[in-house]
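Undergrad: Numbering-wise (full-length UniProt numbering), the sequence shown opens with residue 10 and increments by one.
Take this structure, written in C-alpha cells, and hold onto it; I'll ask about it next.
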Amino acid sequence: FTVTTFGESHGPAIGCVVDGCPPGLAIAPEDFRADLERRATGRTRHTSQRREDDDIEILSGVYEGRTTGTPIALLIRNTDQRSKDYGNIVETFRPGHADYTYWQKYGIRDPRGGGRSSARETTMRVAAGVIARKWLGERHGVRVRGYLSQLGGIVPAAIDLDVVEQNPFFWPDAAQVPELEAYMDALRKSGDSVGARVTAIAEGVPPGWGEPIYGKLDGELAAAMMSINAVKGVEIGDGFAAVSQRGTQHRDEIRLDGFTSNHAGGILGGISTGQPVVVSVAFKPTSSILVPGASVNLAGEPVEVVTKGRHDPCVGIRATPIVEAMLALVLMDQALRHRAQCGDVGTVLPRIP
Ligand code: EPS
10 FTVTTFGESH
20 GPAIGCVVDG
30 CPPGLAIAPE
40 DFRADLERRA
50 TGRTRHTSQR
60 REDDDIEILS
70 GVYEGRTTGT
80 PIALLIRNTD
90 QRSKDYGNIV
100 ETFRPGHADY
110 TYWQKYGIRD
120 PRGGGRSSAR
130 ETTMRVAAGV
140 IARKWLGERH
150 GVRVRGYLSQ
160 LGGIVPAAID
170 LDVVEQNPFF
180 WPDAAQVPEL
190 EAYMDALRKS
200 GDSVGARVTA
210 IAEGVPPGWG
220 EPIYGKLDGE
230 LAAAMMSINA
240 VKGVEIGDGF
250 AAVSQRGTQH
260 RDEIRLDGFT
270 SNHAGGILGG
280 ISTGQPVVVS
290 VAFKPTSSIL
300 VPGASVNLAG
310 EPVEVVTKGR
320 HDPCVGIRAT
330 PIVEAMLALV
340 LMDQALRHRA
350 QCGDVGTVLP
360 RIP
C-alpha cells in the first residue's frame, strides 16, 4: 500500500495516487470534505488566510462508488494562489526555510511560491488518509483521533477528546481556549511564529501489526511523521521521557484483565500490542515570518529577510488531521502486510484487552 503526492502550492493543482487499496471500499467525494475542512487554511483568524475550497476530484480507481483495486488518483485544483506575495523569492533564502536546501540540491527556484515545501502538500496526505481511516474503521474497527498537545509553552490542563472538534486548535481542554486565542492574537501581532506538538491515538488496533526488525510499526510511523513538512521530532508512547524513567516505571505490567498502563504507546518490538497506538509529533515554528532575519542573497551579499504574505503563525494548530492521516496510512499498510504474511493467525491467540 503506497501513497505519493504531486503538485505545487502555486501550480494548477495538487494530487495523490493511493496504490494497493483493496477493492470494494465505498468512497465518494463527500467522504473527504470533513477532514479536508479540518486541515484547511482560511477557516479561522489563527491560520493563513489563503482560501481554497479543496474540492476533491476522483480521477481513477473508483467505479460506481467503490474502489476497484487499481490506483486511486485524487486531484484538488488550486484557486487562490497569489504569487506576487513571494516578490523576490528567487533572490534570497528565508532563514529556517527549505528554499535554501532545495536550491543547494536542485539549483532551481520556483518563483511562484512555496512549491513542494509548502504546507499545502499536506492536503493530499489528509485526502489519502480518509481512505485509510475508512478501511481501518470498516474492516478492523480502528478509530484514529488526535489533539494539539502543546502550543509553545502551553500544555493542556485536562485531556477530553470529546471537545477537540469544538475549537479551532484541536485543544482537549475547553477551559483553556480563551487563553490560546489571546496567545495566538498576540503572536500574530508580534509577527513571529511558534512551534507545537500534536498527539494522535489509534484505538482498536489488534495485536500483531508491524514487522519485528525492518519495517517496525514505530519505525514506519517515525519515517511517515518526519516526512511531513515542518516536523522536527517524533515520540512513540512516553518517547523521550523514557530517558529518565526506571524499568519499574516504564514497563507496562500485564494482568489477566490486560495491561495496567501504556508507556510503550501500544508497540513492543516493532509490533502492536493491542493497546492504543500513541504517537506525538513536534512541529517547528513557521519560518516565513515578519520579524527581520539575517540571510544572504544569490550574489553572496548579506541581506535582511522579512516574509510577507498569508502565512501561519503556528502551522501545528492545523496539523492534527495531518498526523491522524499519516497514522492511519501507516496502520493500513501494516495491516495489509500482516494479513499477507500471517493471515488471521493473531485472531486465534488469546487477546489481552
Ligand atoms: C504556506 C504558505 C501559505 C499557506 C499555505 C502554506 O501559502 P500562500 O503563500 O500561497 O498563501 O496558505 O497553506 C496552504 C495553502 C494549505 O492549504 O495548507 C507555506 O509556506 O507552507
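Heads up, the beta-carbon is just placed ideally off N, CA and C, and yes, glycines get one too.
A quick note: this is a predicted structure, and the numbers were derived from the prediction, not measured.
In chain order, what residues of the same chain have a beta carbon less than 6 Å from the beta carbon of residue 84, not counting five sequence neighbours either side?
TA: Correct list, in chain order: 22, 24, 66 and 68.
Undergrad: Does at least one heavy atom of the ligand EPS sit under 7 Å from the Cβ of residue 57?
TA: Yes, since a heavy atom of the ligand EPS falls inside the 7 Å radius drawn around the Cβ of residue 57.
Undergrad: Quick check on residue 53: does DSSP put it in helix, strand or coil?
TA: Coil.
Undergrad: At 3 residues or longer, and completely inside the region 68-131: list those beta strand (DSSP E) runs for me, N to C.
TA: Listed in chain order, they are 81-86.
Undergrad: To the nearest angstrom, how far is it from the Cα of residue 86 to the Cα of residue 62?
TA: Cα to Cα, residue 86 sits roughly 9 Å from residue 62.
Undergrad: Between which residues of its own chain and residue 235 is the CB-CB distance below 8 Å, once the five residues before and five after are set aside?
TA: Only 243 meet the Cβ criterion.
Undergrad: If you scan the region 231-264 from start to end, which runs of the alpha helix (DSSP H) of 4 or more residues do you find wholly inside it?
TA: The region 231-264 contains these whole alpha helix (DSSP H) runs: 256-259.
Undergrad: Rounded to a whole number of angstroms, what is the C-alpha to C-alpha distance between residue 100 and residue 306?
TA: Cα-Cα distance, rounded: 6 Å.
Undergrad: Does DSSP classify residue 311 as helix, strand or coil?
TA: Correct three-state label for residue 311: strand.
Undergrad: If you check the beta carbons only, do residue 206 and residue 159 fall under 8 Å apart?
TA: A contact, by the Cβ cut-off of 8 Å.
Undergrad: Do you know how far the Cα of residue 214 is from the Cα of residue 351?
TA: Taking the straight line from one Cα to the other gives about 16 Å.
Undergrad: For the beta strand (DSSP E) containing residue 211, list its first residue and its last residue.
TA: Here the beta strand (DSSP E) through residue 211 covers 205-212.
Undergrad: Under a three-way DSSP split, which group does residue 28 fall into?
TA: Of the three classes helix, strand and coil, the one that applies to residue 28 here is strand, per DSSP.
Undergrad: Excluding sequence positions up to five away, which residues of its chain have a Cβ less than 7 Å from the Cβ of residue 149?
TA: Excluding sequence neighbours, residue 149 sits near 213, 215 and 344.
Undergrad: Within 8 Å, do at least three Cβ pairs link the region 220-237 to the region 115-122?
TA: They do not touch, by the three-pair rule.
Undergrad: What is the DSSP secondary structure of residue 268, reduced to helix, strand or coil?
TA: Strand, per DSSP.
Undergrad: CB of residue 297 to nearest heavy atom of the ligand EPS: below 7 Å?
TA: Yes.
Undergrad: Should residue 62 be listed as close to the ligand EPS, given that the test is whether its C-beta is under 7 Å from any heavy atom?
TA: No, the beta carbon of residue 62 sits no closer than 7 Å to any heavy atom of the ligand EPS.
Undergrad: Could you give the C-beta distance for residue 41 and residue 139, rounded to a whole number, given that I count them as a contact under 8 Å?
TA: Yes, residue 41 and residue 139 are in contact; Cβ-Cβ is about 5 Å, under 8 Å.
Undergrad: In or out: residue 265 buried (at least 16 other Cβ within 10 Å) or exposed?
TA: Burial call: exposed.
Undergrad: Could you spell out where the beta strand (DSSP E) holding residue 289 opens and where it closes?
TA: Taken as a continuous stretch (DSSP letters only), the beta strand (DSSP E) holding residue 289 covers 286-292.
Undergrad: Flag this pair as yes or no: are the beta carbons of residue 80 and residue 27 separated by less than 8 Å?
TA: Cβ distance < 8 Å, so residue 80 and residue 27 count as in contact.
Undergrad: Would you tell me roughly how many angstroms separate the C-alpha atoms of residue 20 and residue 118, rounded to the nearest one?
TA: For residue 20 and residue 118, the distance between alpha carbons rounds to 14 Å.
Undergrad: Assess contact between the region 176-191 and the region 299-313, defined as three or more Cβ pairs (one per stretch) separated by less than 8 Å. Is contact present?
TA: With the cut-off at 8 Å, the region 176-191 and the region 299-313 do not touch.
Undergrad: Apart from the five residues just before and just after residue 284, which ones in its own chain have a Cβ nearer than 7 Å to its Cβ?
TA: Answer for residue 284: 268, 271 and 275, listed in chain order.
Undergrad: Does the beta-carbon of residue 129, which I'm using as the reference point, lie nearer than 7 Å to any heavy atom of the ligand EPS?
TA: Flag set: Cβ of residue 129 near the ligand EPS.
Undergrad: On a Cα-Cα basis, can you pick out the residue from 342, 334 and 353 that is closest to residue 5?
TA: With the chain running from 10 to 362 in the structure shown, residue 5 is simply not present.
Undergrad: Out of 218, 200, 273 and 14, which has the shortest C-alpha to C-alpha gap to residue 134?
TA: Nearest C-alpha to residue 134: 14.
Undergrad: Where do the N-terminal and C-terminal ends of the alpha helix (DSSP H) with residue 305 fall, by residue?
TA: First-last for residue 305: 302-305, but that is the beta strand (DSSP E), not the alpha helix (DSSP H).
Undergrad: Alpha carbon to alpha carbon, how far is residue 143 from residue 71?
TA: Between residue 143 and residue 71, the C-alpha separation is close to 14 Å.
Undergrad: Exposed or buried, what is residue 239 when buried is set at 16 or more other beta-carbons lying within 10 Å of its beta-carbon?
TA: The residue is buried, with at least 16 neighbouring Cβ atoms inside 10 Å.
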